[in-house]
Amino acid sequence: MQKDEKVETMLDQMSVAFSDEDVKNQPELREMIFNYAQELTKTQNTGLVATKMVKSLVQYYWITKTQLPEAAIELHHQIKRDATVYDGIAMSAMLLPVWF
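Numbering-wise (the UniProt record's numbering), the sequence shown opens with residue 1 and increments by one.
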């Protein structure tokens, strides 16, 4: 998949979550999704935005102690793979000097 296609797909996924009625009832969560959509539009870096957003969604859940809306959980599942790949590459790059 081309980078532009990945960006468009991720923006579409974020838009679905942003438009969900349950997400609209949680303004902080809605603002978080909106801010990450803006960052993705500006940077075009799906991996970085995915890893930041996955961590922010989990942190939001821990702080609020409320169940995330189904749309936010679905978004988390959709971007989790990209976040994990990005984290793995970042960790490998940091550990490379230690290994050799």
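Cβ coordinates follow ideal geometry from the N, Cα and C atoms, glycine included.
C-alpha of residue 85 to C-alpha of residue 93: approximately 12 Å in a straight line. Rounded to whole angstroms, the gap between the alpha carbons of residue 22 and residue 79 is 20 Å.
Collapsing the DSSP output to three states places residue 78 in a helix. The Cβ atoms of residue 60 and residue 14 lie no closer than 8 Å to each other. Here residue 91 is exposed: its Cβ has fewer than 16 other Cβ atoms, across all protein chains shown, within 10 Å. Taken through DSSP and simplified to helix, strand or coil, residue 13 comes out as helix. Sequence-distant partners of residue 47 (beyond 5 residues in either direction) whose C-beta falls short of 8 Å from its own C-beta, in its chain, are 82, 83, 85, 86 and 89.
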